[in-house]
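Here the structure is laid out as structure tokens; the discussion comes afterwards.
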Amino acid sequence: MKIRHLVSAVYFFVLPSFSYAVPPAHSSSISITDKQINLNTADIKLLTKSVKGIGTKRAESIIKYRQEHGNFKAVNDLAQVPGFGQKFINSHLEELERVFTVK
Numbered sequence: 008m009k010i011r012h013l014v015s016a017v018y019f020f021v022l023p024s025f026s027y028a029v030p031p032a033h034s035s036s037i038s039i040t041d042k043q044i045n046l047n048t049a050d051i052k053l054l055t056k057s058v059k060g061i062g063t064k065r066a067e068s069i070i071k072y073r074q075e076h077g078n079f080k081a082v083n084d085l086a087q088v089p090g091f092g093q094k095f096i097n098s099h100l101e102e103l104e105r106v107f108t109v110k
């Protein structure tokens, strides 16, 4: 009988202490939402190498275009950014839409 009480105590008091939620690592809510990079708020560090073909120059172009023309309405708007073009967008569209958001 004492063993049963001991086992019950272990189940009720000891085991629950091992199951706790770990808080998520610090995330930047300014530029990343649901693991997507927000084109309208991302800095050069986030944009650079986020997608194959986007290096420092293209990242700078994104930021400059955003400052001059306002927020992007769609990921496709990247075609208007100098240095991109519709051909780049068409060949990378699936990856661009997976990586970037404008929300």
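Just so we're aligned, residue 8 is where the sequence shown starts under the numbering used here, counting upward by one.
In this text, a Cβ means the ideal position worked out from N, Cα and C, and glycines have one as well.
Since the model is a prediction, treat every value here as computed from it, not as a measurement.
Q: Report the three-state DSSP secondary structure of Thr63 (helix, strand or coil).
A: On the sequence shown, residue 63 is found 56 positions in, with the first residue counted as 1. Helix.
(Q) Tell me the rounded alpha-carbon separation between Leu85 and Lys42. (A) Within the sequence shown, numbered from 1, the residue matching residue 85 stands at position 78. Within the sequence shown, numbered from 1, the residue matching residue 42 stands at position 35. The alpha-carbon atoms of Leu85 and Lys42 are separated by roughly 19 Å.
Q. Are Val82 and Leu103 close, meaning C-beta to C-beta below 8 Å?
A. Walking along the sequence shown from the start, residue 82 turns up at place 75. Walking along the sequence shown from the start, residue 103 turns up at place 96. Yes, the Cβ-Cβ distance between Val82 and Leu103 is below 8 Å.
Q.
Going by C-alpha to C-alpha distance, which of Gly60, Lys52, Ile44 and Arg11 sits closest to Gly92?
A. By one-based count along the sequence shown, residue 92 stands at place 85. The candidate whose alpha carbon is nearest that of Gly92 is Gly60.
Q: For chain B, find out if any of its Cβ atoms is closer than 8 Å to the Cβ of Ile69; answer yes or no.
A: Reference to chain B is not applicable here, since this structure consists of a single protein chain.
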